[in-house]
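Numbering (our numbering), first residue to last: 69 to 497. For glycine and all other residues, C-beta sits at the position ideal for the given N, C-alpha and C. In this text, all values refer to a predicted model and were calculated from it rather than measured experimentally.
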């Protein structure tokens, strides 16, 4: 579609979702809200994820990425679970100011109450929705109590500036026409949408790297030449690491987690698209797979390419001919791909997710060689089915190469345990 089509309101609504929306949580989630009802929630979420807030969260992302690298020293075979813990902890820290040290339910009891699937029976769906709603309210109340306690002690600055606290501050300063339940789903939506998707993208990056060793080599050469081998990577290095940034974008394009565009859209008015009449209230799916593999946008789209998303200036500086990478059309999205969604329904946490991808890959590729498993035949299309997809099999060896990660883990550990509150402390309450 044209840029004017996807940025208009024509395709920015949601179809009626009886089970997932009405029965499950009374349409409390921003994910299922139609256009006319989502405004307040979305405004709150975007305000709390503005560039200033994103800079605050980078501290957590760097520390958790160092924690990830250190954890893989102890259990390299469990790298996929460690990726899940990393992304979950980042998002939970950002949303509620508490980190997740383990995904085991006994470590963090509230995690066990967050429903992970829907049953086909209405009674079970309602019960699961009620349980998740109670957990969301409990998390909101937890942050409210922490803020109140800190203020009572005259130490309001001791409470971290997490998303939930920022949202509560906004509600104090201006009228927010949402019930407590509906309000609690705003920070909860970040955790629900941002943890598994980012972990799945990192799994796809590992598959791309082990099946395209030239990509791994060029990124590691860049890391070693620009930063050196004796210190870890930080967000301060980002401007000088174009290949890492490109790797993140190319992974998102090459293997979109939501292959069929995630949650369906709905048209708000009748439209004509390439001769096809689309009535109002039509369910519309953005086929991310087809869009991201469209040769008009991406020449040789099946190739996992290390330079595809370099800017013209970067290609010129690196002596790379841009012509093989220029399609007959330019993708209309700012990101250059559709994997975060389209138009006014684009993922509000897209920049947060992109930052997590960047810092995780920058630190992992400094600390480890990500290698293929000897003797394994790789099928790069062997992916799970479902709403979100990822490679079916654990597909890589993480070979430790940067002994200095131990040195950088110590200050990161102190930052995580003293700057942010641990899930173990929360779980013991």
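Please name the residue, chosen from the options, that lies closest to residue i on a Cα-to-Cα basis.
i	options	result
residue 263	301, 161, 466	161
residue 85	452, 369, 333	333
residue 388	373, 401, 398, 397	373
residue 466	394, 144, 83, 119	144
residue 229	352, 165, 249	165
residue 458	265, 201, 142, 140	265
residue 79	339, 368, 404, 440	339
residue 248	436, 224, 212	212
residue 123	310, 421, 369	421
residue 386	198, 311, 439	311
residue 146	271, 399, 444	271
residue 113	237, 83, 224, 199	237
residue 444	454, 461, 432, 453	461
residue 246	110, 379, 350	110
residue 198	220, 157, 250	250
Less than 8 Å between the C-beta atoms of residue i and residue j, yes or no?
i	j	result
residue 129	residue 427	yes
residue 256	residue 204	yes
residue 500	residue 356	This structure leaves residue 500 out entirely; the chain is present only between 69 and 497.
residue 231	residue 384	no
residue 417	residue 261	yes
residue 448	residue 275	yes
residue 377	residue 306	no
residue 331	residue 348	no
residue 254	residue 234	no
residue 131	residue 154	no
residue 152	residue 273	no
residue 463	residue 446	yes
residue 375	residue 314	yes
residue 321	residue 360	yes
residue 303	residue 126	yes
residue 291	residue 434	yes
residue 395	residue 363	yes
residue 436	residue 140	yes
Per DSSP, residue i is paired with what?
i	result
residue 459	451
residue 465	439
residue 81	334
List the whole-angstrom C-beta distance separating residue i from residue j, where the pair is believed to meet the contact cut-off of C-beta under 8 Å.
i	j	result
residue 301	residue 430	4 Å
residue 456	residue 325	5 Å
residue 502	residue 208	It is not possible to answer for residue 502, since the shown part of the chain is limited to 69 through 497.
residue 244	residue 108	6 Å
residue 341	residue 367	Residue 341 to residue 367, Cβ: 25 Å. No contact.
Using a C-beta cutoff of 8 Å, does residue i count as contacting chain C?
i	result
residue 162	This model lacks chain C altogether, as it is built from one protein chain only.
Is the closest heavy atom of the ligand GDP to the C-beta of residue i under 7 Å?
i	result
residue 298	What this structure holds is no ligand at all, so the ligand GDP is not there to describe.
Practice task
Mind listing, in chain order, the continuous alpha helix (DSSP H) runs of no fewer than 4 residues lying wholly within the segment 293–378?
Solution key: As summarised for the segment 293–378, the continuous alpha helix (DSSP H) elements at least 4 residues long and confined to that stretch are 310–322, 356–360, given in chain order.
Handout entry: beta strand (DSSP E) runs wholly inside the segment 420–449, at least 3 long, in chain order
Key = Listed in chain order, the complete beta strand (DSSP E) runs (minimum 3 residues) inside the segment 420–449 are 436–439.
Problem - Completely contained alpha helix (DSSP H) runs for the segment 221–258, where each covers 4 or more residues - result: As far as the segment 221–258 is concerned, its whole alpha helix (DSSP H) runs of at least 4 residues are 231–241.
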